[in-house]
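Participant: First residue of the sequence shown? That's 1 in our numbering, and the numbers climb one at a time after it. Where is the CB? At the ideal position from N, CA and C, for every residue including glycine.
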Amino acid sequence: MSEHLDEGTAPCSECGAVLPAGGDCWDRVHELLEIEARLLPGIDDVETGMRAHYFAIATYQLQHPSRLTTAAVAQLRDGVRRMLASDPPPIDHLRRQVRGFAEGPRRVTRRASAGDRAHVPHWPTRWTMTATDVIGRPDAEYADTVGDWARRTLDDLDGLGP
Ligand SMILES: [Zn+2]
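(1) Could you pull out every unbroken alpha helix (DSSP H) segment of at least 4 residues lying fully inside the segment 32 to 88, listed in chain order?
(2) For ligand 1, is there any heavy atom lying closer than 7 Å to the beta carbon of Ala17?
(3) Between which two residues does the alpha helix (DSSP H) carrying Ala120 extend?
(4) Could you tell me the boundaries of the alpha helix (DSSP H) in which Arg152 lies?
(5) Among Arg111, Pro138 and Thr69, which residue has its Cα nearest to the Cα of Glu34?
(6) Which same chain residues end up closer than 6 Å to Trp149 when comparing Cβ atoms and leaving out the 5 residues on each side of it in sequence?
(7) Between which two residues does the alpha helix (DSSP H) harbouring Thr132 extend?
(8) Should Leu32 go down as buried or exposed, given a rule of 16 or more other Cβ atoms within 10 Å for buried?
(9) Taking the straight line between their C-alpha atoms, what separation do you get for Asp45 and Ser113?
(10) Roughly how many whole angstroms lie between the Cα atoms of Arg152 and Ala56?
(11) Judging by CA-CA distance, which residue of Arg111, Arg28 and Val73 is the nearest neighbour of Leu157?
So this is what it looks like as structure tokens:
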């Protein structure tokens with residue numbers, strides 16, 4: 001291993017995953033959405049598909065809090081926790097939460113330089129699981145994998161305290 005990190009091999013400053021060739025970790029969201037575009041039309045259970053989408057986008061954002069306000073980070077963390085509970089909110093509630101996420105967190109975007117985490121100074125930069133782990137798994141496992149990703153991410157955060 002060279003100490004020099006070329007584009008495409010450098011880690012993301014927020015999630016620690018290897019950056020895509022373009023150097024922008026946000027491209028991983030589009031890769032997740034491409035998996036969903038292939039997979040979700042074949043899923044009869046709409047709620048399963050919506051939950052998978054929510055977990056993917058919300059978890060990605062929890063691992064990249066520089067893009068979000070403090071309030072949005074707290075709301076997402078709480079939302080994921082409720083969706084992982086044994087009695088998650090119904091699909092209508094889920095739809096309202098998911099709406100708008102696919103285009104990026106515009107309404108909750110913070111004005112700050114890239115990677116600035118001054119508002120969440122203790123947030124992890126290394127995670128048990130990242131988007132690249134999800135993308136590397138077979139499509140057929142996607143719905144389960146994103147749920148696992150969400151749960152492990154909350155566990156990583158809970159290790160820090162509330
Ligand atoms: Zn990242």
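Facilitator: On the basis of the data shown:
(1) With a minimum length of 4 residues, the continuous alpha helix (DSSP H) runs that stay inside the segment 32 to 88 are 46 to 62 and 70 to 84.
(2) yes
(3) Here the sequence assigns Val to residue 120, which means Ala is not the residue at that position. For Val120, there is no enclosing alpha helix (DSSP H), since its DSSP letter is neither H nor E.
(4) Tyr142 to Asp158
(5) Pro138
(6) Thr59, Met129 and Val134
(7) Ala131 to Ile135
(8) buried
(9) 40 Å
(10) 12 Å
(11) It is Val73.
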